[in-house]
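S.K.: Numbering-wise (our numbering), the sequence shown opens with residue 1 and increments by one. Can you keep this structure in mind? I'll have questions shortly.
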Amino acid sequence: MLWDALTLQLGYNATLVAIGATLLGISAGVTGTFLFLRKRALVSDAISHATLPGVCLAFMALVAFGGDGRNLIGLLVGSAISAWVGLLCMNWLTRHTRLAEDAAIGAVLSVFFGFGVVLLTVIQTMGVGRQAGLEGFLLGSTAGMLWADALVIAIGGAATLLLVMIIRRPMTMVAFDPEYAAARGLPVHRIDLAMMGLVMAVTVVGLKIVGLILIVALLIIPPVTARFWTERSDRVVLLAGISGGLSGFLGAGISASAPNLPTGPIIVLVSFGSFALSLLFAPVRGVLAAVLRHLRFQRRVHIRQGLLALAQGQKIYEPLTIRLLRRAGIVRADGVATDEGKARAAKALRDEKRWEFVRADQAHEATAALYDGLRDIETVLTRDQIAEIDRRIGGPQEVMP
1 MLWDALTLQL GYNATLVAIG ATLLGISAGV TGTFLFLRKR ALVSDAISHA TLPGVCLAFM
61 ALVAFGGDGR NLIGLLVGSA ISAWVGLLCM NWLTRHTRLA EDAAIGAVLS VFFGFGVVLL
121 TVIQTMGVGR QAGLEGFLLG STAGMLWADA LVIAIGGAAT LLLVMIIRRP MTMVAFDPEY
181 AAARGLPVHR IDLAMMGLVM AVTVVGLKIV GLILIVALLI IPPVTARFWT ERSDRVVLLA
241 GISGGLSGFL GAGISASAPN LPTGPIIVLV SFGSFALSLL FAPVRGVLAA VLRHLRFQRR
301 VHIRQGLLAL AQGQKIYEPL TIRLLRRAGI VRADGVATDE GKARAAKALR DEKRWEFVRA
361 DQAHEATAAL YDGLRDIETV LTRDQIAEID RRIGGPQEVM P
């Protein structure tokens with residue numbers, strides 16, 4: 001069943017939803033990257049919640065003029081206007097009052113969402129289609145998606161993606177260093193508005209599939225997931241788009257194979273699954289990589305301390321140190337140093353004396369700053385420099401019996 005859904009064999013509606021969710025995921029991942037890099041992730045939360053009054057007012061206006069209150073284009077236009085008003089309110093509060101950005105976001109989010117809930121209650125009492133399925137805009141609703149709906153979502157997502165590609169360079173510069181961007185003559189405030197406007201567009205387009213509450217996850221989780229895998233901004237954008245697209249496609253497929261599961265929440269859970277895998281297994285920034293680095297560091301510290309103890313004839317009591325020294329062939333089972341162990345111990349002690357000389361000599365101040373107790377001195381000094389240091393501190397010192 002799941003394979004049929006992933007190969008688009010479950011029928012017309014399931015195919016429409018899968019394609020629409022994939023395009024939305026790509027657009028959301030790419031667009032949300034710039035918001036994430038700008039450290040304004042919660043702005044998407046305020047924008048998404050600000051769409052609810054617009055949806056309700058658009059429905060009421062369409063009904064008042066004798067139209068179909070369920071017209072998707074009309075509802076999306078209303079939500080876009082409402083979200084833009086919320087965005088302007090948040091921007092005004094941040095720029096012209098003492099409120100911090102997080103406080104402005106909280107104020108706009110709560111007021112607009114509360115107003116939207118009140119309007120939903122009013123619509124219930126109108127007697128015209130009751131809520132008319134408007135509650136589906138909260139968590140998404142794809143069961144009744146038509147070709148026209150999918151076309152609107154696809155065109156909106158593609159247009160947003162195109163705009164992002166056109167202005168990605170100034171947005172990247174503003175996201176990383178707004179002061180430098182301003183010094184280069186870029187209109188930082190306008191670029192910020194354009195960035196948030198693109199987020200608003202993705203939010204509005206995604207209302208039908210994942211809803212105004214869950215679209216925030218699709219804007220933020222893919223960029224965070226991508227960030228675990230690379231340090232380059234262009235690759236983060238690419239990987240975020242891929243992650244978002246795969247999440248949308250897989251989530252839609254899982255939902256289609258189990259009709260009782262809602263599409264929007266499943267897409268978000270799939271996106272979270274990719275985030276969790278990246279968090280654990282990313283090669284550089286993942287938890288597993290961090291644990292392995294810690295274990296390697298711990299091993300180096302224990303071996304280094306064990307070598308210094310051997311060189312000075314001190315008894316080693318730490319079980320882990322003894323075990324690591326035996327495994328490295330430095331000591332025998334009875335704790336006596338091997339020939340290789342004696343040589344390495346002598347070198348470790350010699351390197352410590354060299355480092356002591358380097359740290360005491362102002363001529364080597366820059367080199368001394370690199371000392372961490374583990375770094376090989378050969379990696380920072382030339383052979384001639386080391387030979388000169390050896391000449392000053394005296395001949396090599398053997399391992400004490």
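Built from N, CA and C at the ideal position, the CB exists for glycine as well. Bear in mind that the values here come from a model prediction, so they are computed numbers and not experimental data.
From what residue to what residue does the alpha helix (DSSP H) around Met171 run?
M.R.: 168 to 176
S.K.: DSSP three-state call for Val122: helix, strand or coil?
M.R.: helix
S.K.: Short of 6 Å in beta carbon distance, which residues of its chain neighbour Ala28, apart from the five on each side in sequence? Order them along the chain.
M.R.: Val202, Leu218, Leu219, Gly244
S.K.: Might you give, ordered along the chain, the residues of its own chain that have their beta carbon closer than 6 Å to the beta carbon of Leu307, omitting 5 neighbours on each side?
M.R.: Arg344, Ala345, Ala348
S.K.: Is it the case that the stretch 163 to 174 contacts the stretch 184 to 195, given that we only count it when at least three CB pairs across the two stretches are under 8 Å?
M.R.: yes
S.K.: Please list the segments of the alpha helix (DSSP H) lying wholly inside the stretch 17 to 51, counting only runs of 4 or more residues, in order along the chain.
M.R.: 43 to 49
S.K.: Flag this pair as yes or no: are the beta carbons of Ile209 and Val17 separated by less than 9 Å?
M.R.: yes
S.K.: Given Ile393, which residues of its chain have a CB within under 6 Å of its CB, disregarding the five upstream and five downstream residues?
M.R.: Lys353, Phe357
S.K.: Between the stretch 32 to 51 and the stretch 107 to 119, do three or more beta carbon pairs fall short of 8 Å?
M.R.: yes
S.K.: Answer yes or no: do Arg38 and Ala159 have a C-beta to C-beta separation smaller than 9 Å?
M.R.: no
S.K.: For my contact list, Met79 and Leu207 are in at a C-beta cut-off of 8 Å; report their separation, rounded to the angstrom.
M.R.: Residue identity check: residue 79 is Ser in the sequence provided, not Met. With a Cβ gap of about 6 Å, Ser79 and Leu207 count as contacting.
S.K.: Assuming Gly373 contacts Arg304 (C-beta within less than 8 Å), just tell me the rounded distance between them.
M.R.: 7 Å
S.K.: In this structure, how does DSSP classify Ala337 when only helix, strand and coil are distinguished?
M.R.: strand
S.K.: At what residues does the alpha helix (DSSP H) containing Trp84 begin and finish?
M.R.: 72 to 96
S.K.: Can you give the Cα-Cα distance for Lys342 and Arg285, rounded to whole angstroms?
M.R.: When rounded, the distance between both Cα atoms is 37 Å.
S.K.: Starting from Ile266, trace the alpha helix (DSSP H) in both directions and tell me its first and last residue.
M.R.: 263 to 281
S.K.: Might you give, ordered along the chain, the residues of its own chain that have their beta carbon closer than 8 Å to the beta carbon of Arg184, omitting 5 neighbours on each side?
M.R.: Met173
S.K.: Just the C-alpha distance for Pro178 and Arg190, rounded to the nearest angstrom, thanks.
M.R.: Taking the Cα positions, Pro178 is about 12 Å away from Arg190.
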